[in-house]
Amino acid sequence: MTHSALTDDARARRNVTVLVMAQGFLGAQMPMIFVVGGLAGTGLASNPCWATLPISMIIIGSMLSATPVSAIMQRFGRRTGFFIGTIGGALGGAVGAYGLYVASFPLFLLGSLLTGVYMSAQGFYRFAAADTASDEFRPKAISYVLAGGLVSAIIGPQLVKVTAEAMVVPFLGTYIAVIALNVIGSVLFLFLNIPKPPVPSVDAPRGRSRLELLKTPRIAVAVICAMVSYALMNLVMTSTPLAVVGCGFDNGRAADVVTAHVLAMYIPSFFTGHLIARFGVEKILGAGIAILAAAGVVAIQGVDLENFFVALILLGVGWNFGFIGATSMLAGAHEPHERGRMQGLNDLLVFGGVTIASLASGGLMNCSGGNAQAGWMAVNLAMVPFLVLAGGALIWLVMRPKDDMA
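Residues 22 to 427, numbered by the numbering used here, are exactly what the sequence shown covers, in order.
In structure tokens form, the structure reads like this:
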């Protein structure tokens, strides 16, 4: 396969179109589940400290499946991996729905774990967008695919409003809608045109080991920034519905705040790639970390509805700059034959961090103070050391000699 074939941006744009549609339609299930997961968990769990455990189980499922899904894609192609993701999403919705129907918290958690397989596969949409793109188009392709989340930000929470109370069992209709999204949306991947990776010859370069890859400064910083951006976004977002409702607002207001947050996560994607191309990935990463810090500052100023909206909007924009920047940095820091190894490792580490954040979120929110306000304060103060870690790592990379940036 020639280099020109691999970097044919006409084909890359077609693939981006398919992936944008998948991100928008199939991706709607994630804001749906993130809105209702903690609320449903509150009703099923015997201890309120475990209310956000369903969200944590999704992240755990994503973490555990990241490496095998990446390996499957490396061997059998992206399409196979994405089909596996929709199967996981449909099964997760079905088991979750049954768990709600019989009021079984363990079954509900199992459904959440299976949903993590979809979340893991969705995480590779951004890398798939880069597979057939030229170096110039790569950050834009990644950015456009993540911009598809704008549609999911609209569809998901609105479907929650329609389905959450549609049946006698609260939220059961939401999980049935998730099954339908996965079944219908899987058809999109029939139109994906990404060649399977060639089978390496006996004398083909094996590439660097996972440890050698992580020791590469540019890769290490990209992974750290991706972990921090995603983990802190999840830490705060997971607690948001509980905080909004706990501070006296209704479920509809909680859905509206999450909608604003998810819109803020994806609207910047229309220009983030262009900003990276113009100003450099390091500056955009730095801006993302600063905006995440600003989100925490706004959140701790009060629990009025305006504070929730502004903080969660800033959180979304900060995640966008941080995560797209880290993904662009990583995509250009390894060789094609190292793709399956590095991308799987990256998402294993990223979702490992997100798992810890989501587990901590429920405990901080419900068990670190006497009321919702105290819990919300604890959640946002927990961001500080991780922002310092990501900011310090990025400064360290920028200060290194230019000939030692690999």
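Cβ atoms here follow ideal geometry from the backbone N, Cα and C, with glycine treated the same way.
DSSP-derived helix/strand/coil call for residue i
| i | result |
| --- | --- |
| Glu356 | coil |
| Met404 | coil |
| Pro381 | Per the sequence presented here, residue 381 reads as Ala, with Pro not at that position. Residue state, collapsed to three classes: helix. |
| Cys246 | helix |
| Met493 | A question about residue 493 goes unanswered here, because the residues of the chain that appear run from 22 up to 427. |
| Val37 | helix |
| Cys268 | coil |
| Ile93 | helix |
| Asn328 | helix |
| Gln143 | helix |
| Gln50 | helix |
| Ala430 | The requested residue 430 does not occur in the structure, where the chain is confined to residues 22 to 427. |
| Pro127 | helix |
| Gly169 | coil |
| Thr88 | helix |
| Lys182 | helix |
| Ser164 | helix |
Nearest-angstrom Cα separation, counted from residue j out to residue i
| i | j | result |
| --- | --- | --- |
| Ile105 | Asp325 | 42 Å |
| Ala33 | Met94 | 17 Å |
| Val123 | Ala72 | 18 Å |
| Leu74 | Thr348 | 27 Å |
| Leu296 | Gly346 | 10 Å |
| Leu380 | Ile81 | 10 Å |
| Gly396 | Ala403 | 11 Å |
| Asn328 | Met78 | 29 Å |
| Ser115 | Val57 | Looking at the sequence shown, residue 115 is not Ser but Ala. Computed Cα separation, rounded: 15 Å. |
| Arg239 | Gly273 | 43 Å |
| Ser230 | Pro160 | 25 Å |
| Phe158 | Gly59 | 39 Å |
| Ala308 | Leu415 | 11 Å |
| Glu356 | Gln364 | 11 Å |
| Ala187 | Ala198 | 11 Å |
| Ala168 | Val190 | 34 Å |
| Leu171 | Phe55 | 16 Å |
| Ile175 | Pro422 | 45 Å |
| Gly63 | Gly98 | In the sequence as displayed, the identity of residue 63 is Thr instead of Gly. Distance between the alpha carbons of Thr63 and Gly98: 40 Å. |
| Arg96 | Gly177 | 33 Å |
| Phe103 | Pro218 | 15 Å |
| Tyr119 | Thr237 | 46 Å |
| Leu211 | Thr376 | 32 Å |
| Met420 | Gly301 | 15 Å |
| Ala354 | Leu131 | 36 Å |
| Ala299 | Met350 | Here residue 299 is Arg; the residue named in the question, Ala, does not match the sequence. Spanning the two alpha carbons is a distance of roughly 14 Å. |
Same chain only: Cβ atoms within 6 Å of residue i, ignoring 5 sequence neighbours per side
| i | result |
| --- | --- |
| Ser83 | Gly137, Met140, Ser141, Phe372 |
| Val331 | Val319 |
| His24 | In this predicted model, His24 has a pLDDT of only 47, less than 50, meaning its place in the structure is not dependable; the value taken from the coordinates is given anyway. So the list is empty, once near-sequence residues are dropped. |
| Asp152 | Ile215 |
| Val405 | none |
Pair within 8 Å by beta-carbon distance, residue i and residue j
| i | j | result |
| --- | --- | --- |
| Gln173 | Thr293 | First, the amino acid is wrong: residue 173 is Ser here, not Gln. No, these two residues do not count as a Cβ contact at 8 Å. |
| Asp271 | Ser155 | no |
| Leu4 | Glu303 | Summary: the structure shown does not reach residue 4, with the chain confined to residues 22 through 427, and so no result is reported for it. |
| Thr280 | Met53 | no |
| Ala275 | Val283 | no |
| Ser133 | Gly110 | no |
| Gly206 | Thr107 | yes |
| Ala49 | Leu180 | yes |
| Leu313 | Ser250 | yes |
| Gly343 | Leu306 | yes |
| Gly378 | Ala252 | Note on residue identity: the sequence assigns Ala, not Gly, to residue 378. Contact flag set, yes. |
| Ile310 | Gly412 | yes |
| Asn257 | Asn401 | Here residue 257 is Val; the residue named in the question, Asn, does not match the sequence. A contact, by the Cβ cut-off of 8 Å. |
| Pro69 | Asn387 | yes |
Contacting residues, own chain, Cβ-Cβ under 8 Å from residue i (five flanking each side not counted)
| i | result |
| --- | --- |
| Leu235 | Ala241, Val244, Leu366 |
| Thr101 | Ile93, Met94 |
| Lys182 | Gly273, Ala276 |
| Ala185 | Val57, Pro191, Phe192, Gly194, Thr195, Asn272 |
Nearest-angstrom Cβ-Cβ length linking residue i and residue j, presumed shorter than 8 Å
| i | j | result |
| --- | --- | --- |
| Phe192 | Ala352 | So it is not a contact: roughly 37 Å between Cβ atoms. |
| Ser290 | Asn341 | 6 Å |
| Thr259 | Ile76 | 5 Å |
| Ile321 | Ala285 | No, Ile321 and Ala285 are not in contact; Cβ-Cβ is about 19 Å, not under 8 Å. |
| Asp368 | Ser91 | 7 Å |
| Gln143 | Leu47 | 7 Å |
| Ala399 | Leu385 | 4 Å |
Cβ shell of residue i (< 7 Å), same chain only, five flanking positions each side left out
| i | result |
| --- | --- |
| Val166 | Val37, Leu40, Val41, Gln44, Tyr146, Arg147, Ala150 |
| Met248 | Leu370, Val371, Gly374 |
| Asn214 | Arg32, Arg35, Asn36 |
| Leu65 | Ala124, Phe126, Phe129 |
| Leu112 | Leu135 |
| Met254 | Leu336, Trp340 |
| Gln394 | Cys268, Val324 |
| Leu121 | Ala61, Phe129, Val190, Phe192, Leu193, Tyr196 |
| Gly361 | Ser91, Ala92, Met94, Gln95 |
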